[in-house]
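Working notes for the structure below.
Residue numbers (our numbering), protein chains in the order written: chain A, 1 to 340; chain B, 341 to 770.
The following block contains the structure:
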């Protein structure tokens, strides 16, 4: 075991898989010689060479298309899109091609591409360095969508994603690359570096965290909190500040969704609050509301609440008014309790 | 050639200088390209500059892109109007190889004719012919090796004939019946054939062009000498994927052949909306990729260009960009009526003729073929296609089935069926 930040854990995941399988290679803008703008691919170029840590032109559509072709020809490309906000030029290749190859070809062709993209706000990133577009991808059949919340999961989930024969969109919340984040206005009496956090203990070798499995991080009896990414830690702080007995579930994989773990919890608590940074309307939270309503209707004691980003582009100056902070989470939890 | 000169082979619809008639000075005015002809007009291709066959030099395979610019603005032609094969680009095929090529082209045409008629009789939902463009897929496929990966559009069915895809299987795909290898999921003509390296055709234009470059990069990554070959139409060159393909192919010297089939029309839109008043091949030069413009109705020229490009790729010199200059003789698809946007007999006015007729003429001139043999072969292919059609419909039709079991719709979305899809399948009761 070693102390790792999320960046180091992701780097270790790529290093481990590249060492085991010569068909695994990483590619993207600035990922090669320089080691990535967030340092996630640092050292891979020096260790594995220019053709396995491949610097690319600035063309997300071209990068993803090339990766698809490489995957069809037996490689396992791990693509980095520098910011999730810049994934859109590659959207046609992802939706029309990568996600559909296997189905449209009757199972003849497929491409095991993993697309890593730093996502999320809380870093003064403004409109184009803060977005959380996961809901756009969970709507696409044929893709798996993953978002880790800590170094241990980040490494184990990324190895699973790379080794999976289906395409995986792997969103990395950049706000927690270097340490957990509990909210802008939370003076949390808890670890603010990964070295002081239990999930910062990461095995140096190969291991996996399975795709499609949620984690119950904290047990509780009165309300179920469903969230993922940075908001796992903000929700944890809110629970601690509120004194409410809340059960905290980190979804880890959004699609396929671990509905069994979710339903077991909501049937127990009878209440559910869903939290994400992404904008509200047609966000992934809406899917969660619908699933919970369908699976747990007769167990629900209160309307399902959603705490999300507002339906606006991500603002620069009003970051902490936009970002779903602990006070909004606590209010939502209280509303569900009062509804009974 | 001097770059200030107008490139050879330009055509109706090219940019003309605007000038104010009174002052004679240029005026700023939105320019909208025009079609080569419109309904009610007489088709006229007299502006087209067609260089004589055999006059274009054939460079060494390691020649730098900038040292062969004239090939991007010219037109490589081997067969002249009398059916003689001339010049350095003559691939010197045996009579047997040429008869094989002719047979494949005639086979494609017989297949297209039958399938088009079956659509008109309501037996198929949709079909797309490649009439007039048969040489492009057939000749290139014959020049490539079986391990080379093909990334076609929906109008290169000739590739499948050369690689000996059973016609029965192609028909079953178009019928979406119980023997369709795509299990009824795809529109007719969007074939896929993994076994012989024919990539799954997508409805989304140009996406495969840049994927082919990635495939070729992987081939080089693994140290294999298989190359990729990709096709796109004139209209689809406007898509960003074509720019990506050219850039990535050049940056990584990928072993790939990038083909633009310029058949003059993108549904109702003339090629001038995408060509920017010059040749498509010229576009490759800015990417430092050797680029050639080829008479796409000249079987021997298409073969020679593909052979040259494949050799370059296998020798490690990287990509070649080929514009295949041809004409879409028929409608875009069974859902299209070309009489709504172009002169009724424009195909007959096309100065580069018909690829089948031209190769036939050449073989007859060599004493290796005859009108009688030609007619007999056409009849034989027509009959065999008809027999195969009769067999294909025994495996089902779109309207009447049988099809694959409905439950298979939920398969292959992922490698394993996830819980939510199992649940949906269950809900459907299949």
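Ideal Cβ placement from N, Cα and C applies to all residues, glycine included.
Only a predicted model underlies this, so the values are computations on that prediction, with no experimental measurement involved.
Next item on the list: Rank A/160, A/80 and A/106 by C-alpha distance to the C-alpha of residue 206 of chain A and give the top, closest one.
Entry: A/160
Item checked: 3-residue-minimum beta strand (DSSP E) runs that sit fully inside the stretch 635-689 of chain B, ordered along the chain -> 660-665
Notebook entry, point to check: Counting along the chain, where does the beta strand (DSSP E) carrying residue 27 of chain A start and finish?
Noted result: 24-28
Next item on the list: Would you kindly work out how many angstroms separate the C-alpha atoms of residue 30 of chain A and residue 36 of chain A, rounded to a whole number?
Entry: 5 Å
Checklist line | Inter-residue spacing [alpha-carbon to alpha-carbon] between residue 306 of chain A and residue 272 of chain A | finding: 9 Å
Next item on the list: Along the beta strand (DSSP E) that carries residue 55 of chain A, what are the first and last residues, could you check?
Entry: 53-55
Notebook entry, point to check: Are residue 476 of chain B and residue 609 of chain B closer than 8 Å when you measure CB to CB?
Noted result: no
Notebook entry, point to check: Which same chain residues, not among the five before or five after residue 77 of chain A, have their C-beta less than 7 Å away from its C-beta?
Noted result: 25, 27, 67, 70, 71 and 113
Note to self: Assess contact between the stretch 387-396 of chain B and the stretch 601-619 of chain B, defined as three or more Cβ pairs (one per stretch) separated by less than 8 Å. Is contact present?
What the structure shows: no
Next item on the list: Please name the residue or residues paired with residue 276 of chain A in a DSSP beta bridge.
Entry: A/308
Notebook entry, point to check: What is the DSSP secondary structure of residue 58 of chain A, counted as helix, strand or coil?
Noted result: coil
Check: How close, in whole Å, do the beta carbons of residue 261 of chain A and residue 249 of chain A come, if the pair is a contact with beta carbons under 8 Å?
Finding: 7 Å
Item checked: Contacting residues, own chain, Cβ-Cβ under 6 Å from residue 481 of chain B (five flanking each side not counted) -> 499 and 502
Next item on the list: Measure the Cβ-Cβ separation of residue 350 of chain A and residue 323 of chain A and say whether it is below 8 Å.
Entry: With chain A represented from 1 up to 340, any question about residue 350 of chain A goes unanswered, as that position is not in the structure.
Next item on the list: For residue 649 of chain B, decide whether its Cβ has a neighbour in chain A, counting only Cβ atoms nearer than 8 Å.
Entry: no
Check: What did DSSP end up calling residue 339 of chain A once you bin it into helix, strand or coil?
Finding: coil
Notebook entry, point to check: Do the stretch 702-719 of chain B and the stretch 419-432 of chain B make contact, defined as three or more Cβ pairs closer than 8 Å?
Noted result: yes
Checklist line | Span of the alpha helix (DSSP H), counted from its first residue to its last, around residue 264 of chain A | finding: 259-269
Checklist line | Beta-bridge partners of residue 114 of chain A, as assigned by DSSP | finding: A/78 and A/168
Check: Beta carbon of residue 15 of chain A, beta carbon of residue 44 of chain A: below 8 Å?
Finding: yes
Margin query: Counting only Cβ pairs nearer than 7 Å, list the residues of chain A close to residue 559 of chain B.
Written below: 73
Notebook entry, point to check: Would residue 1 of chain A be called buried (16 or more neighbouring beta carbons within 10 Å of its own) or exposed?
Noted result: exposed
Notebook entry, point to check: Can you tell me whether DSSP reads residue 628 of chain B as helix, strand or coil?
Noted result: coil
Next item on the list: Compute the beta-carbon to beta-carbon distance between residue 528 of chain B and residue 467 of chain B, rounded to the nearest angstrom, for a pair I have assumed lies under 8 Å.
Entry: 6 Å
Next item on the list: Compute the Euclidean distance between the alpha carbons of residue 344 of chain B and residue 689 of chain B, then round it to the nearest angstrom.
Entry: Below a pLDDT of 50, predicted positions are generally treated as unreliable, and residue 344 of chain B, at 39, falls in that range; the measurement from the model is reported next regardless. Approximately 30 Å between the Cα atoms of the pair.
Next item on the list: Kindly indicate which residue of A/100, A/152, A/175 and A/105 has the alpha-carbon position closest to the one of residue 10 of chain A.
Entry: A/152
Checklist line | CB-CB length for residue 405 of chain B against residue 595 of chain B, believed under 8 Å | finding: In fact, because the Cβ distance is near 16 Å, the residues do not count as touching under 8 Å.
Checklist line | Pairwise C-alpha distance: residue 576 of chain B and residue 351 of chain B | finding: Caution applies to residue 351 of chain B, whose pLDDT of 47 falls short of 50 and renders its modelled position unreliable; the value that the coordinates give is listed next. Distance between the alpha carbons of residue 351 of chain B and residue 576 of chain B: 19 Å.
Note to self: Looking at chain B, is there any beta carbon in it that lies within less than 8 Å of the beta carbon of residue 257 of chain A?
What the structure shows: yes
Next item on the list: Could you pull out every unbroken alpha helix (DSSP H) segment of at least 4 residues lying fully inside the stretch 117-197 of chain A, listed in chain order?
Entry: 134-138 and 151-163
Checklist line | CB-CB length for residue 581 of chain B against residue 620 of chain B, believed under 8 Å | finding: In fact, because the Cβ distance is near 15 Å, the residues do not count as touching under 8 Å.
Note to self: On the criterion of 16 or more Cβ atoms from any shown chain inside 10 Å, does residue 102 of chain A qualify as buried, or is it exposed?
What the structure shows: buried
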